[in-house]
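Take a look at the structure below.
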Amino acid sequence: MSNESEADEAADGAEEQAAETQADDVEATETEESEAGTEETEAETEEAGTESEETGLQRGDFVTIAYTARTVEDGTLVDTTDPEVAEEEGVGEDQEFAPRTIVIGEGHVFGAVEDDLVGKEVGDTGTVTVAAAEAFGEFDEDEVRTISTDRIPEDDRYPGAHVDIDGEHGHVETVIGGRARVDFNHPLAGEDVEYEYETVDEVEDREAKAQALMDTFLDIDLEMWFETDVEEEEQLVEPDEDEEAEADEPDEGEEDEGEEDEEPEPEYETVEVEKETLYIEATPQLTMNQQWMMGKQRIARQLVDQLGVDRVIVQETLGEGMGMGGLGGMMGGMGGDDIEEALEDEDIDAEELVEEIEGASE
């Protein structure tokens with residue numbers, strides 16, 4: 008009997024141990040599932056947070072805004088897109104006032120205004136105060152200097168005149184004898200600026216984006232369009248692995264192991280590639296624009312970056328009346344037969360013309 012009791016007790020102990028082990032396994036499984044569920048919830052929360060952060064306008068977006076900016080201290084008008092405000096202030100009579108398209112994050116407006124625009128929707132309004140340091144700089148007493156009036160044009164030797172001295176722009180404060188006190192600070196230095204704005208529209212059309220950028224850079228209306236051109240290019244042919252392996256193996260009968268093998272000549276092939284191009288029709292207004300002449304490379308680079316094109320081509324179309332008048336415009340680049348035809352069209356005897364030229368040379 009004692010042996011049976013011991014066996015029963017051993018069996019009961021084994022069952023209890025198995026039950027405890029199973030319970031531990033269940034508890035561990037539940038813990039793992041709970042932790043996994045928590046991680047999934049946190050991931051979903053983070054994802055939802057990221058999505059919520061990216062709603063509305065973002066950096067790199069083209070947005071049209073209407074705004075008016077004034078100094079905080081006395082309400083002096085700094086800038087506006089509102090024609091009524093401009094008329095009330097008596098500014099820009101020859102200037103057109105309308106909402107302006109900018110690229111958020113590209114410095115087209117002050118950074119504080121750009122930061123406030125992020126996340127906004129079309130139709131939203133906002134008010135932003137831009138600190139003087141970020142606006143037009145703090146006022147610097149060292150930038151108020153006394154100079155000889157000889158350095159100022161005679162017509163500008165009076166208080167309030169704007170002058171350019173050694174590449175610096177300033178305004179004359181006082182003129183006493185042969186000395187003038189000139190302030191080279193920005194006229195709005197030290198002033199905090201308040202911007203009131205409304206988001207009017209988000210620009211999606213690429214040609215409208217291109218025009219908006221050119222308006223920002225140069226304030227010129229130009230004819231622009233996009234085309235995809237197919238062109239031939241020479242590209243280096245990359246050898247495949249088998250060819251490289253064969254090139255590395257020495258040829259049979261090679262004895263001069265000390266000599267290095269010459270590198271094979273690079274091989275090129277002609278391939279057709281697509282290039283997306285922004286075409287700009289040049290006008291006299293563009294060609295003679297100082298900002299364009301000095302900064303065309305920088306402007307073109309920004310157009311490429313912002314519009315995602317491969318290149319920018321500025322082309323000039325010359326029509327009738329653009330060349331030299333009379334024979335000068337027709338004879339350039341002509342062959343003998345073409346010249347004779349041109350002379351006949353102009354009712355000029357070629358032989359008489361030759362005699363006159365020879366006589367003049369004698």
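If you count by the numbering used here, then the sequence shown holds residues 8 to 369, one letter each, in order.
All C-beta atoms, glycine included, are put in the ideal place defined by N, C-alpha and C.
Using CA atoms only, rank isn't needed, just tell me which of the options is closest to residue i.
{"i": "Glu103", "options": "Tyr275, Glu94, Asp122, Thr156", "result": "Glu94"}
{"i": "Ala140", "options": "Lys303, Asn192, Pro271, Gly302", "result": "Asn192"}
{"i": "Leu220", "options": "Glu113, Arg66, Gly97", "result": "Glu113"}
{"i": "Val319", "options": "Met301, Glu288, Leu325", "result": "Glu288"}
{"i": "Asp68", "options": "Ile109, Glu80, Asp101", "result": "Ile109"}
{"i": "Ala105", "options": "Arg164, Thr223, Leu243, Gln304", "result": "Thr223"}
{"i": "Pro271", "options": "Glu245, Met295, Gln292, Glu283", "result": "Glu245"}
{"i": "Thr156", "options": "Leu84, His178, Gly185", "result": "Gly185"}
{"i": "Leu285", "options": "Thr71, Glu230, Thr78", "result": "Glu230"}
{"i": "Gln322", "options": "Glu209, Leu293, Leu314", "result": "Leu293"}
{"i": "Gly82", "options": "Leu195, Thr132, Asp162", "result": "Leu195"}
{"i": "Tyr74", "options": "Pro273, Asp228, Thr87", "result": "Thr87"}
{"i": "Gly177", "options": "Asp162, Arg152, Ile306", "result": "Arg152"}
Put residue i into one of helix, strand or coil per three-state DSSP.
{"i": "Ala142", "result": "coil"}
{"i": "Val120", "result": "helix"}
{"i": "Gln65", "result": "coil"}
{"i": "Gly336", "result": "Any answer about Gly336 is weak, because its pLDDT of 40 lies below 50 and its placement is not dependable; what the coordinates show is given next. Reduced to three states, the DSSP call for Gly336 is helix."}
{"i": "Gln309", "result": "helix"}
{"i": "Thr57", "result": "Note that Thr57 has pLDDT 49, beneath the 50 cutoff, so the model's placement of it is unreliable and the number below is only indicative. Three-state result, Thr57: helix."}
{"i": "Gln242", "result": "strand"}
{"i": "Leu293", "result": "helix"}
{"i": "Gly133", "result": "strand"}
{"i": "Lys127", "result": "coil"}
{"i": "Ala76", "result": "strand"}
{"i": "Arg164", "result": "coil"}
{"i": "Ala187", "result": "strand"}
{"i": "Leu195", "result": "coil"}
{"i": "Asp226", "result": "coil"}
{"i": "His176", "result": "strand"}
Taking its Cβ as the centre, do 16 or more other Cβ atoms sit within 10 Å of residue i, making it buried, or is it exposed?
{"i": "Gly370", "result": "This structure cannot settle anything about residue 370, because the visible part of the chain is limited to 8 through 369."}
{"i": "Val278", "result": "exposed"}
{"i": "Glu121", "result": "buried"}
{"i": "Leu64", "result": "buried"}
{"i": "Ile159", "result": "buried"}
{"i": "Tyr204", "result": "buried"}
{"i": "Phe233", "result": "exposed"}
{"i": "Leu325", "result": "exposed"}
{"i": "Val237", "result": "exposed"}
{"i": "Val280", "result": "exposed"}
{"i": "Ile374", "result": "The requested residue 374 does not occur in the structure, where the chain is confined to residues 8 to 369."}
{"i": "Thr181", "result": "exposed"}
{"i": "Ile183", "result": "exposed"}
What do you reckon, are the CB atoms on residue i and residue j nearer than 9 Å?
{"i": "Gly145", "j": "Asp190", "result": "In the sequence under discussion, the amino acid at residue 145 is Glu, which differs from the Gly named in the question. No."}
{"i": "Glu80", "j": "Glu198", "result": "yes"}
{"i": "Thr136", "j": "Glu240", "result": "no"}
{"i": "Ile154", "j": "Ala187", "result": "yes"}
{"i": "Leu243", "j": "Trp299", "result": "no"}
{"i": "Glu209", "j": "Val70", "result": "yes"}
If we cut at 9 Å on Cβ distances, does residue i have a partner in chain D?
{"i": "Val179", "result": "Absent from the structure is chain D; it holds one protein chain and no more."}
Query raised in the report: Can you list the beta strand (DSSP E) stretches of 3 or more residues lying completely in the segment 88-112, in chain order?
Result: Taken in chain order, the complete beta strand (DSSP E) segments of 3 residues or longer contained in the segment 88-112 are 107-110.
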